[in-house]
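138 is the number that full-length UniProt numbering gives to position 138 of the sequence shown; each next residue is one higher, with no gaps.
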Amino acid sequence: MKKTLVVFAHPYLEHSNSNAELINFYVRHQHFTLRDLYEEYPDFHIAAFRERKRIKNYDRFIFQLPLIWFGMPPLLKLWIDEVFDRDWLKEDHYNPLQGKEVHILVTTGGKERSFTKEGTYKYTVEELISGLIVSLNVFKANVKNVKVVYEANKLSKKEIILHKKEFVELLNQ
Numbered sequence: 001m002k003k004t005l006v007v008f009a010h011p012y013l014e015h016s017n018s019n020a021e022l023i024n025f026y027v028r029h030q031h032f033t034l035r036d037l038y039e040e041y042p043d044f045h046i047a048a049f050r051e052r053k054r055i056k057n058y059d060r061f062i063f064q065l066p067l068i069w070f071g072m073p074p075l076l077k078l079w080i081d082e083v084f085d086r087d088w089l090k091e092d093h094y095n096p097l098q099g100k101e102v103h104i105l106v107t108t109g110g111k112e113r114s115f116t117k118e119g120t121y122k123y124t125v126e127e128l129i130s131g132l133i134v135s136l137n138v139f140k141a142n143v144k145n146v147k148v149v150y151e152a153n154k155l156s157k158k159e160i161i162l163h164k165k166e167f168v169e170l171l172n173q
């Protein structure tokens with residue numbers, strides 16, 4: 001099993017049954033290390049050196065986030081800005097993201113049809129979180145998939161469990 005770092009960023013976790021249930025999976029499995037950015041950095045002061053050192057120890061990464069005002073949560077954006085080191089792009093430097101498997105799990109309160117070119121918002125979720133995807137691509141990470149859980153705030157416990165099962169299947173491919 002791949003040693004996996006879960007970078008989780010949800011500013012309102014207490015109001016998200018779906019995310020709370022989805023992250024329970026990581027806590028129960030020893031190969032997953034859950035880092036809740038809003039719990040760890042409530043003052044938004046990122047320990048960038050410590051985070052860079054930490055990510056070198058993992059084979060795979062999961063970024064789990066809600067869509068907040070049509071983008072990624074602000075603390076996740078700050079974490080990327082401060083932790084991803086441009087020196088990693090230099091030929092003679094070690095890049096801890098290069099070739100590493102990355103999965104992205106996004107929750108949103110909106111309907112799937114709203115996140116299409118013809119829908120209410122005119123953009124897909126992937127387009128709205130493109131800053132994360134492009135950053136990972138620049139650092140040569142292997143983005144395997146982006147799973148979106150639509151209408152996350154309306155899901156029953158059974159539906160949440162089905163989404164969790166689908167995501168686990170994606171991780172095991």
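Glycine included, every Cβ here is placed at the ideal spot set by N, Cα and C.
Check	Outcome
Reduced DSSP category for G131 - H, G, I as helix; E, B as strand; rest coil	helix
Secondary structure of K122, DSSP reduced to three states	coil
The region 137-148 in contact with the region 94-101 per 3-pair CB rule at 8 Å	yes
Reduced DSSP category for N145 - H, G, I as helix; E, B as strand; rest coil	strand
Among L34, E51, K158 and K90, nearest to F63 - alpha-carbon criterion	L34
The beta strand (DSSP E) enclosing P66, as first and last residue numbers	R60 to P66
Beta-carbon separation (whole angstroms), K147 vs L105, contact threshold 8 Å	5 Å
Rounded C-alpha distance that separates S114 from E91	42 Å
Residue span of the beta strand (DSSP E) that contains L34, given as start and end	F32 to D36
Integer Cβ distance of F61 from L5, believed to fall under 8 Å	5 Å
N-terminal and C-terminal residue of the beta strand (DSSP E) that H103 is part of	E101 to T107
Nonlocal neighbours in the same chain, by C-beta distance under 7 Å from E118, ignoring five residues either side	none
Among L162, P11 and I129, the one whose alpha carbon lies nearest that of M72	I129
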